[in-house]
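FYI, the numbering used here numbers position 39 of the sequence shown as 39, with every residue one higher than the one before it.
Just so it is clear, CB atoms sit at the ideal spot from N, CA and C, and this is done for glycine as well.
Input: a single structure, listed below in structure tokens.
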Amino acid sequence: MSCKNHHSSQLCCIKCPSRPERDRFKTLTYENCVPFAGRSNVDANIIFDVEPNSLPVVLAGTIENFSNDGINVIFERSSGNITRTILANSSLSFVYDDVTRVSVFGFGQQYSGSFKFQATYTFEIE
Numbered sequence: 001m002s003c004k005n006h007h008s009s010q011l012c013c014i015k016c017p018s019r020p021e022r023d024r025f026k027t028l029t030y031e032n033c034v035p036f037a038g039r040s041n042v043d044a045n046i047i048f049d050v051e052p053n054s055l056p057v058v059l060a061g062t063i064e065n066f067s068n069d070g071i072n073v074i075f076e077r078s079s080g081n082i083t084r085t086i087l088a089n090s091s092l093s094f095v096y097d098d099v100t101r102v103s104v105f106g107f108g109q110q111y112s113g114s115f116k117f118q119a120t121y122t123f124e125i126e
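Here you go:
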């Protein structure tokens, strides 16, 4: 008897779909709030670093400048660096993908601030 003529079971001609492969990727999120301080416009104050650099990180956060002078923040990304200036007693909120490092430089005077962030990354599990 063909399926077309078989009315007692609707499932007689329906094939089960192939089972999906087990998800081979895992996504993790890490968040933290840390203070930073420095006194030079020559040496970078690295406040976030990714190792290995090939790990694709999406970074969202806020950097607050507590000092009376501006600071420069450099977001190093696989597609190129982005530099932002945060004026005295101000803050910067951001979301960037493929971040490998975040560094702070002062304008030659002492500076301090805080870095609140959420880093999300996905990697393959074996």
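Exercise for the section: Would you kindly check if the distance between the Cβ of G70 and the Cβ of T85 is under 9 Å? Expected result: Looking up residue 85 in the sequence shown gives position 85. Looking up residue 70 in the sequence shown gives position 70. Yes; because the gap between Cβ atoms is below 9 Å, this pair is in contact.
Handout entry: Distance, F66 Cα to Q110 Cα
Key = Reading the sequence shown from its first residue, position 110 is the one you call residue 110. Reading the sequence shown from its first residue, position 66 is the one you call residue 66. Cα to Cα, the separation comes out at about 10 Å.
Handout entry: Continuous beta strand (DSSP E) stretch holding G38: start and end
Key = On the sequence shown, residue 38 is found 38 positions in, with the first residue counted as 1. For G38, the enclosing beta strand (DSSP E) starts and ends at 25-38.
Problem - Nearest neighbour of T120, chosen from V50, E76, V104 [CA to CA] - result: Here residue 120 refers to the residue found at position 120 when the sequence shown is read from its first residue. Out of V50, E76, V104, V50 has the C-alpha closest to the C-alpha of T120.
Problem - Separation of K26 from A44, as counted between CA atoms - result: Numbered from 1 along the sequence shown, position 44 holds the residue referred to as residue 44. Numbered from 1 along the sequence shown, position 26 holds the residue referred to as residue 26. Cα to Cα, the separation comes out at about 32 Å.
Problem - Chain-order list of residues whose beta-carbon lies under 7 Å from that of M1 (same chain, five-residue window excluded) - result: Position 1 of the sequence shown, counting from 1, holds the residue named residue 1. Confidence at M1 is low in this model, with a pLDDT of 47, below 50, so the placement of that residue should be treated as unreliable; the coordinate-derived value is given next. Taken in chain order, the list of residues that qualify is empty.
Exercise for the section: Name the two residues that bound the continuous beta strand (DSSP E) containing R19. Expected result: By 1-based counting over the sequence shown, the position of residue 19 is 19. Taken as a continuous stretch (DSSP letters only), R19 belongs to no beta strand (DSSP E), as it is neither H nor E.
Handout entry: Given 8 Å, three or more beta-carbon pairs between the stretch 28-41 and the stretch 73-81
Key = no
Practice task
Name, in chain order, the residues that DSSP records as bridge partners for S93.
Solution key: The residue labelled residue 93 in the question sits at position 93 within the sequence shown. According to DSSP, S93 bridges with T62.
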